[in-house]
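Chemist: The sequence shown lines up with residues -4 to 295 when you count with our numbering.
Glycine included, each C-beta is placed from N, C-alpha and C at the ideal position.
Before anything else, here's the structure in question.
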Amino acid sequence: MVVTEYLADLRAAYMAELVVHGGLRSPSLLRAFAAVPRERFLPPGPWIVEAADGGFYATEDCDPGRILHAVGVAIDTSRDLVSANPARIARMIEAAGIVPGETVLHVGAGLGYFSAVMAELVGPAGRVIAAEIDPDLAALARSNLASRGNVEMTGDALACSPPPLDVVFVSAGITVVPKPWTDALVVGGRMILPLTGSLNGGFLFRFEKMSADWIDVRAQSFVRYYPCIGTRDDAAVAAVDKAIADPRGPSVRGLRLDRHDPDPDCWLHGDGWCLTTRSSPAGLAEEVGMESHPDQRLCA
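See below:
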């Protein structure tokens, strides 16, 4: 009984930290975090915890009170791989606006903690496709998520044909905007995506599919992310570095998926896609021609 009360107090304090450090306003998101025991989705303690100055320190013991805070926890220090600060990720999940019954693709599921939180948000009528390409992490995530009937695991998020998606949530830094993901988004669908360069830093963008012809884009913050395997070649990283140096990043307003020559509105011009500062689809409707994804198969 004493242990149960202690854990309940810890979780209540943890929720309060998420509110203070993340500025959260969504009661449903706080309930989702409260329902998922973070300590069960981490390596066994003692843990290596991220300090306020960006360094790391070892906890004294395995008390869950050491990690039920707005702090990152190391998964693999040799790779600088961290289970991110939940206040920061919670803020991004809140921006995605996930509601019951939706279908979410979570790219970079890691050990499955944030996939489990999203599974709480979509509820039994929804589903989360948790994609993790690292086989060791994927095996642990699959075990951690095994009891959740509304979560399915997959490997490479670019190697499968997703069903129609309400949300794509990317937890690794990429250098491109993958067309299979934007195609799979339904009208009204949202995508949270970090575009990062050579130092793994860059802009976090929120995409919203306004119509078959236009995806609205807004920069959310400047972030640093572990790089996403399979989405980063030297040329693409160099292009993102150049774009990050362009001060118009916060002024990006849309995603073009038509092939066109670079123009003054282009901020990051890719192969068949472009992040543009143009704020209206006017004049692009006939050019862009985005279509809903016709493939109804599951990721596997």
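Taking leucine 100 as part of the beta strand (DSSP E), name the residues at either end of that continuous run.
Modeler: In the sequence shown, the residue the question calls residue 100 occupies position 105. Unbroken beta strand (DSSP E) run through leucine 100: 98 to 102.
Chemist: How do the segment 221 to 231 and the segment 168 to 176 stand: do at least 3 beta-carbon pairs fall below 8 Å, yes or no?
Modeler: The segment 221 to 231 vs the segment 168 to 176: in contact.
Chemist: On the criterion of 16 or more Cβ atoms from any shown chain inside 10 Å, does proline 189 qualify as buried, or is it exposed?
Modeler: In the sequence shown, residue 189 corresponds to position 194, counting from 1. The residue in question, proline 189, is buried, as its Cβ has 16 or more Cβ neighbours within 10 Å.
Chemist: Could you give the residue range of the beta strand (DSSP E) that holds leucine 197?
Modeler: Within the sequence shown, residue 197 is the residue found at index 202, counting from 1. Checking the sequence, you will find glycine at residue 197 rather than leucine. Its beta strand (DSSP E) spans residues 196 to 206.
Chemist: With a threshold of 16 other CB atoms inside 10 Å of the CB of proline 157, please say whether the residue is buried or exposed.
Modeler: The residue labelled residue 157 in the question sits at position 162 within the sequence shown. Result: buried.
Chemist: Quick check: the Cα distance between valine 283 and serine 142, rounded to an integer number of angstroms?
Modeler: Numbered from 1 along the sequence shown, position 288 holds the residue referred to as residue 283. Numbered from 1 along the sequence shown, position 147 holds the residue referred to as residue 142. Any reading at valine 283 needs caution, since the residue's pLDDT is 43, under 50, leaving its predicted position unreliable; the model's value is listed next. One C-alpha to the other measures close to 42 Å.
Chemist: Measure the alpha-carbon distance for alanine 7 versus phenylalanine 51 and round it to whole angstroms.
Modeler: Against the sequence shown, residue 7 aligns to sequence position 12. Against the sequence shown, residue 51 aligns to sequence position 56. Alanine 7 and phenylalanine 51: Cα-Cα distance of roughly 25 Å.
Chemist: If we call anything under 8 Å between Cβ atoms a contact, is alanine 136 one with alanine 120?
Modeler: Numbered from 1 along the sequence shown, position 141 holds the residue referred to as residue 136. Numbered from 1 along the sequence shown, position 125 holds the residue referred to as residue 120. Going by C-beta atoms, alanine 136 is not nearer than 8 Å to alanine 120.
Chemist: Looking only at its own chain, which residues have a Cβ that is under 8 Å from the Cβ of glutamate 55, when we skip the five neighbours before and after it?
Modeler: One-based indexing of the sequence shown puts residue 55 at position 60. Around glutamate 55: Pro41, Arg61.
Chemist: Quick check on arginine 292: does DSSP put it in helix, strand or coil?
Modeler: Within the sequence shown, numbered from 1, the residue matching residue 292 stands at position 297. Because arginine 292 sits at a pLDDT of 37, beneath the cut-off of 50, its placement in the model cannot be relied upon, and the following sentence gives the value as read from the coordinates. The answer is coil: DSSP assigns arginine 292 none of H, G, I, E or B.
Chemist: My guess is that glycine 249 and isoleucine 210 are in contact by the Cβ rule of under 8 Å, so how many angstroms apart are they, rounded?
Modeler: Translated into the one-based positions of the sequence shown, residue 249 becomes position 254. Translated into the one-based positions of the sequence shown, residue 210 becomes position 215. Sure, about 6 Å apart at Cβ, within 8 Å.
Chemist: Measuring only between beta-carbons, confirm whether proline 189 sits less than 8 Å from chain B.
Modeler: The displayed structure is made up of one protein chain only, and chain B is not part of it.
Chemist: Near valine 165, what residues of its chain come up, given a Cβ to Cβ distance below 6 Å and the 5 sequence neighbours on each side ignored?
Modeler: Within the sequence shown, numbered from 1, the residue matching residue 165 stands at position 170. Excluding positions up to five away in sequence, the list reads Val102, Leu188.
Chemist: Counting only runs that start and end within the segment 71 to 131, where is the beta strand (DSSP E) found for 3 or more residues in a row?
Modeler: The qualifying runs are 76 to 78, 98 to 102, 122 to 126.
Chemist: Using CA coordinates, which residue listed in Phe36, Thr72, Gly267 is at the minimum distance from proline 59?
Modeler: The count along the sequence shown starts at 1 and reaches residue 59 at position 64. The option with the nearest alpha carbon to proline 59 is Phe36.
Chemist: If you measure between the beta carbons of phenylalanine 28 and proline 81, is that distance less than 8 Å?
Modeler: Looking up residue 28 in the sequence shown gives position 33. Looking up residue 81 in the sequence shown gives position 86. Against a cut-off of 8 Å, the Cβ pair of proline 81 and phenylalanine 28 comes out as a contact.
Chemist: Buried or exposed, going by whether 16 or more other CB atoms sit within 10 Å of the CB of tyrosine 1?
Modeler: Counted from its first residue, the sequence shown places residue 1 at position 6. Exposed, because fewer than 16 other Cβ atoms sit within 10 Å of the Cβ of tyrosine 1.
Chemist: DSSP state of valine -2, grouped into three classes?
Modeler: The residue given as residue -2 occupies position 3 in the sequence shown. Looking at valine -2 - three-state DSSP - the assignment turns out to be helix.
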